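Q: Reading the sequence shown from the start, the letters are residues 283 to 380 in the numbering used here. We treat Cβ as the ideally placed atom computed from N, Cα and C, and that holds for glycine. Computed from a predicted structure; not experimentally measured. Handing you this structure, nothing more for now.
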Amino acid sequence: MGYSRLYAFLLQRWWLTFLLLGISFVLGGLLTLNLLHTLMANFEFLSMYGVEAVRDGGLWQLIEIVGSGYFAAACYVVFKLCEKVLVERLIMTKGTDS
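Here it is as structure tokens:
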């Protein structure tokens, strides 16, 4: 099975992979901490005040919240990639020791 260049790069540099795993875990956690509550509050604000809420920036805030959600999802994907690389490296290391 062939690996992508990014996967191979991370597989060779376990310390960088571990650092990236930690950063993506913390960023993803911080971004999703209050995301659903903020999204529901924004929907309530937009539905209650309508056009006035849009003029006050409610629609722009909704776009920012959705963007934050996508960034949190990207952090999760990076976290899972790093997790897979580190687990595979651990398995390969274990297999060559015996």
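1) Can you tell which of Trp297, Leu341, Leu372, Leu303 has the C-alpha that lies nearest to the C-alpha of Leu321?
2) With distances taken from CA atoms, which of Thr375, Arg371, Glu326 is nearest Gln343?
3) Using C-beta distances below 6 angstroms, list every residue in its chain close to Leu328, excluding the 5 sequence neighbours before and after it, in chain order.
4) Since Leu317 is in the alpha helix (DSSP H), which residue starts that stretch and which ends it?
5) Helix, strand or coil for Gly339, going by three-state DSSP, please let me know.
6) Mind checking Ser380: buried by the 16 CB within 10 Å criterion, or exposed?
7) Note down the Cα distance separating Tyr289 from Asn316, rounded to an integer number of angstroms.
A: So, to answer that:
1) Leu341
2) Glu326
3) Ala335, Gly340
4) 317–331
5) coil
6) The predicted position of Ser380 is uncertain, since its pLDDT is 48 and thus under 50; no value can be drawn from it.
7) 32 angstroms
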